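Heads up, the thing below is written out as structure tokens.
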Amino acid sequence: RQPRPRLILLDPEPVRTQAMLGFYESLVGERFASVLSPAEAEEALHEARRLAGAYGPTELAHRFGTLLGGVVESAFARLGLPGGRVAEFTGLSLSYLYWLGAADACAMRGPWASATAVNGTTPGMGLDSLAPAERAGLVERAFHLDVSHADLMRSAETARLVDDLLSDDPLSREQGELTWTIPTPPGPTS
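Numbers in my numbering are just positions in the sequence shown, counted from 1, shifted up by 821.
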């Protein structure tokens, strides 16, 4: 029988409807701001804020998807983009919203207790989004890299650390308590 795979979490944090609302607000308030009238944008944002306070994550994903579909259809029509693009964009956005909503069903306590967390430096993201009392015992060990949340998954530092963690490098296990600094490989010598 194969051993249970290691669980490595990148900037782990609980799903909160606020994260879903933030994603929706960034789409409507930023990406479509130049296409929607201020009144249309405000109406869509107001409705999203109302929904965020009324539903749990899974139902909220569905409702945001419906609301977003109307916004995208209107915006894309003004830009002359075909209807297929509406479905494509809305589908991708809805996938992310459902992914966030489904994550709510994954209990943090339990499976996370044996996990390794890799946290970036963006304030309020990952483990830093939790109060110290909430963080206590949440994961087995945590590594804090000097990398922003936006760059965490594309960082060479993260890749090297995850590779070490998955290859059972003894140094990784020894360094796992508080911080982890991965030395930059030396450049070519002349």
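Think of the CB as a built atom: it goes at the ideal place given N, C-alpha and C, for glycine as much as any other residue.
Quick caveat, the model's predicted, so the values are computed rather than measured.
Just the Cα atoms here: how many angstroms apart are residue i and residue j?
i	j	result
GLY901	VAL892	14 angstroms
PRO826	SER847	35 angstroms
ASP990	ALA923	Interpretation of ASP990 is limited by its pLDDT of 47, a score under 50 that renders its predicted location unreliable; no figure is taken from the coordinates.
LEU982	GLU834	20 angstroms
ALA957	ASP949	12 angstroms
Thinking C-beta only, is residue j closer than 7 angstroms to residue i?
i	j	result
VAL849	ALA873	no
ALA896	LEU842	no
LEU918	PHE885	yes
LEU888	THR838	no
HIS945	ASP832	For clarity, residue 945 is Gly in the given sequence; the question names His instead. Against a cut-off of 7 angstroms, the Cβ pair of ASP832 and GLY945 comes out as no contact.
LEU959	ILE829	no
Per DSSP, what kind of secondary structure is residue i in: helix, strand or coil?
i	result
HIS970	coil
LEU828	coil
ASP990	Low per-residue confidence applies at ASP990: pLDDT is 47, beneath 50, and the placement is therefore not dependable, though the value from the model is reported in the following sentence. It is coil, neither helix nor strand.
GLU861	helix
PRO944	coil
PRO1013	With the chain represented from 822 up to 1011, any question about residue 1013 goes unanswered, as that position is not in the structure.
PRO903	coil
What residue range does the beta strand (DSSP E) around residue i cover?
i	result
THR879	From DSSP, THR879 is part of no beta strand (DSSP E) but of the alpha helix (DSSP H) over 878–900.
THR937	937–940
ALA963	962–965
Any heavy atom of the ligand NAD closer than 6 angstroms to the Cβ of residue i?
i	result
PRO833	This structure lacks the ligand NAD, and indeed carries no ligand of any kind.
Checklist entry - Between the stretch 932–939 and the stretch 954–969, do three or more beta carbon pairs fall short of 8 angstroms? => result Contact holds: three or more Cβ-Cβ distances are below 8 angstroms.
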